[in-house]
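The opening position of the sequence shown corresponds to residue 188 in this note's numbering, with each subsequent residue numbered one higher.
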Amino acid sequence: EKGGYDHFMLKEIYEQPSAIEDTYRGRMLVKEGIIKMSGIDDHLERFLNANRIIIVACGTSWHAGLVAEYIFEDLARIPVEVEYASEFRYRNPVIGKGDVLIAISQSGETADTMAAIKLAKENGAFVFGVCNVVGSSISRITDAGAYTHAGPEIGVASTKAFTTQITLLTLIALKLGKEKGSISKSDFYLYLQEMDLIPSKIEKALEANKHIIEVANHYKNSRNCLYLGRGYNFPVALEGALKLKEISYIHAEGYPAAEMKHGPIALIDEEMPVVVIATRKGHYEKVVSNVQEIKSRKGKIIAIVTEGDEQVSKVADHVIEVPDTFEALTPLLTTIPLQLLSYHIAVMLGKNVDQPRNLAKSVTVE
Ligand code: F6R
Numbered sequence: 188e189k190g191g192y193d194h195f196m197l198k199e200i201y202e203q204p205s206a207i208e209d210t211y212r213g214r215m216l217v218k219e220g221i222i223k224m225s226g227i228d229d230h231l232e233r234f235l236n237a238n239r240i241i242i243v244a245c246g247t248s249w250h251a252g253l254v255a256e257y258i259f260e261d262l263a264r265i266p267v268e269v270e271y272a273s274e275f276r277y278r279n280p281v282i283g284k285g286d287v288l289i290a291i292s293q294s295g296e297t298a299d300t301m302a303a304i305k306l307a308k309e310n311g312a313f314v315f316g317v318c319n320v321v322g323s324s325i326s327r328i329t330d331a332g333a334y335t336h337a338g339p340e341i342g343v344a345s346t347k348a349f350t351t352q353i354t355l356l357t358l359i360a361l362k363l364g365k366e367k368g369s370i371s372k373s374d375f376y377l378y379l380q381e382m383d384l385i386p387s388k389i390e391k392a393l394e395a396n397k398h399i400i401e402v403a404n405h406y407k408n409s410r411n412c413l414y415l416g417r418g419y420n421f422p423v424a425l426e427g428a429l430k431l432k433e434i435s436y437i438h439a440e441g442y443p444a445a446e447m448k449h450g451p452i453a454l455i456d457e458e459m460p461v462v463v464i465a466t467r468k469g470h471y472e473k474v475v476s477n478v479q480e481i482k483s484r485k486g487k488i489i490a491i492v493t494e495g496d497e498q499v500s501k502v503a504d505h506v507i508e509v510p511d512t513f514e515a516l517t518p519l520l521t522t523i524p525l526q527l528l529s530y531h532i533a534v535m536l537g538k539n540v541d542q543p544r545n546l547a548k549s550v551t552v553e
């Protein structure tokens, strides 16, 4: 059932190329140059006329929501707010007709996310669900939705659910961007073509596995770990840190790279590994200077870089490459090495990777 892998988590990490293909198959028609999604097509006006989109979710799904915020604002020019479902439901939010709420949930059973949906509906908002589990509670109480089609995710630590959520939300943003004219037709086609290459680029990123095992071996006894990223890769930093803490029980924090100097830089010494996402597209020069700041304080740097990178590679202690892609699609690639890194560290520490202590696959209580 684990298909020859030692753990479900590893199997699910390796399933990402095909899971992402399953997400966009039949929806993204590259030759025709269209994106077909009935959940959007049937309610197109609601989305196009939305005052704003509010995304609610928990945990890893919330991180996918943060990536989506960048993508929606960038490509579709619709204002987006991303909220923890647990906070949204208890803070008397200003929401009503004309607002679209997107709820993201792998399991489709998360109690806080359900409660946020009910609150939004009571206030007249239109609710769209992004779920993986077909027929789940959330998919039944939303006004419309789309499934990620990632297949069953058994490992408690979410992996393929995250990248397929991002894929699906990217398709929605592209579709709305095209309808609104906020993205040109030619850019739209280029995005479809590039998205179609993502599964093979993930295959390529997975080839770093052996090297990542060596890196994991270096850092498995760390007490803390910092993850930094900017722009589209800031949420990836948060997700990388969550993956590490939940399965290896090493304390980890994700930060926007530029926030480091407002506090966390005080933590940096030779004992502190810092994982920096420094792909060539997106604030590269600024991240390079953040990396130098860490280096001059003797921090240990593990950099996720674009293939062929030279600048960061000169300074970093370890470099893990991912293929080049459009900036908006980089999270789909940069997430991969971070999943593998936490997986290998947890395995080396003898932790129960698929069922970490105190955690459940679906959180049906608040
Ligand atoms: C992290 C993880 C959790 C879930 C969260 C939301 O790896 O698994 O943080 O992402 O409990 O779950 P869903 O997406 O099912 O609503």
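In this text, a Cβ means the ideal position worked out from N, Cα and C, and glycines have one as well.
Under the three-state DSSP convention, the category residue i falls into
| i | result |
| --- | --- |
| lysine 487 | strand |
| glutamate 497 | coil |
| valine 475 | helix |
| arginine 327 | helix |
| methionine 459 | coil |
| asparagine 539 | coil |
| valine 243 | strand |
| proline 339 | coil |
| leucine 546 | coil |
| valine 254 | helix |
| histidine 449 | helix |
| phenylalanine 513 | coil |
| proline 443 | strand |
| isoleucine 282 | coil |
| methionine 215 | strand |
| histidine 194 | coil |
| valine 314 | strand |
| alanine 307 | helix |
| glycine 174 | Given a span of 188 to 553 for the chain in the structure shown, any question on residue 174 remains unanswerable. |
| alanine 503 | coil |
| glutamate 188 | coil |
| histidine 470 | coil |
| valine 492 | strand |
| glutamate 553 | coil |
Opening and closing residue of the beta strand (DSSP E) in which residue i lies
| i | result |
| --- | --- |
| glutamate 270 | 267 to 271 |
| glycine 416 | 411 to 416 |
Residue i beta carbon near ligand 3 (any heavy atom closer than 8 angstroms)
| i | result |
| --- | --- |
| leucine 429 | Ligand 3 is not part of the structure shown, which contains ligand 1 as its ligands. |
Opening and closing residue of the alpha helix (DSSP H) in which residue i lies
| i | result |
| --- | --- |
| arginine 558 | The chain is shown only over 188 to 553; residue 558 falls outside these bounds and no answer can be derived. |
| glycine 364 | 347 to 367 |
| valine 423 | 421 to 435 |
| valine 402 | 396 to 406 |
| phenylalanine 375 | 372 to 393 |
| glycine 295 | Per DSSP, glycine 295 belongs to no alpha helix (DSSP H) and is neither H nor E. |
| glycine 226 | 225 to 228 |
Any non-hydrogen atom of ligand 1 closer than 8 angstroms to residue i Cβ
| i | result |
| --- | --- |
| valine 343 | yes |
| valine 314 | no |
| threonine 335 | no |
| lysine 347 | no |
| glutamate 296 | yes |
| serine 248 | yes |
| alanine 206 | no |
| glutamine 542 | no |
| alanine 305 | The displayed chain sequence assigns lysine, not alanine, to residue 305. No, Cβ of lysine 305 sits at least 8 angstroms from all heavy atoms of ligand 1. |
| threonine 300 | yes |
| glutamate 433 | yes |
| isoleucine 291 | yes |
| serine 549 | yes |
| leucine 525 | no |
| alanine 439 | no |
| cysteine 412 | no |
| alanine 244 | yes |
Own chain partners of residue i with C-beta closer than 7 angstroms, once the 5 adjacent residues on each side are dropped
| i | result |
| --- | --- |
| lysine 189 | Phe195, Lys198 |
| tyrosine 376 | Gly220 |
| leucine 527 | Ile200, Asn396, Ile399 |
| leucine 355 | Thr210, Val317, Ala333, Thr335 |
| glutamate 433 | Ala344, Pro543, Leu546 |
| glutamine 185 | As shown, the chain starts at 188 and ends at 553. That puts residue 185 outside it, with no answer to give. |
Residues of its chain near residue i, where Cβ-Cβ distance is below 6 angstroms and the 5 sequence neighbours each way are ignored
| i | result |
| --- | --- |
| glutamine 542 | Val343 |
| alanine 503 | Ile488, Ala490 |
| glutamate 457 | Lys485 |
| isoleucine 282 | Ala307, Asn310, Ala312 |
| tyrosine 257 | Tyr419 |
| leucine 363 | Phe234, Ala263 |
Own chain residues within Cβ distance below 8 angstroms of residue i, not counting five before or after
| i | result |
| --- | --- |
| tyrosine 192 | Lys198, Tyr201 |
| valine 461 | Cys412, Leu413, Tyr414, Leu415, Ile455, Ile481, Gly486, Lys487, Ile488, Ile489 |
| proline 451 | Leu413, Glu440, Tyr442 |
Residue i at chain D interface by Cβ criterion, 9 angstroms
| i | result |
| --- | --- |
| glycine 427 | This model lacks chain D altogether, as it is built from one protein chain only. |
Note to self: Pairs of beta-carbons, one from the region 235 to 255 and one from the region 215 to 225, closer than 8 angstroms: are there three or more?
What the structure shows: The region 235 to 255 is not in contact with the region 215 to 225.
Notebook entry, point to check: Three or more beta-carbon pairs under 8 angstroms between the region 337 to 354 and the region 503 to 523, yes or no?
Noted result: Under the 8 angstroms Cβ criterion, the region 337 to 354 counts as touching the region 503 to 523, having at least three qualifying pairs.
Notebook entry, point to check: Is it true that the region 265 to 276 meets the region 433 to 446, where meeting means three or more beta-carbon pairs spaced less than 8 angstroms apart?
Noted result: Flag = no, the region 265 to 276 and the region 433 to 446 do not touch.
Note to self: Closer than 8 angstroms is the cut-off here; do at least three beta carbon pairs connect the region 231 to 244 with the region 201 to 220?
What the structure shows: No: the two stretches stay apart, fewer than three of their Cβ pairs being nearer than 8 angstroms.
Check: Do three or more CB pairs link the region 363 to 372 to the region 256 to 264 at distances below 8 angstroms?
Finding: Yes: the two stretches touch, three or more of their Cβ pairs being nearer than 8 angstroms.
Next item on the list: Determine, using beta-carbon pairs with one atom in the region 531 to 538 and one in the region 399 to 409, whether at least three such pairs fall under 8 angstroms.
Entry: As far as the Cβ criterion goes, the region 531 to 538 touches the region 399 to 409, which means the pair count is three or higher.
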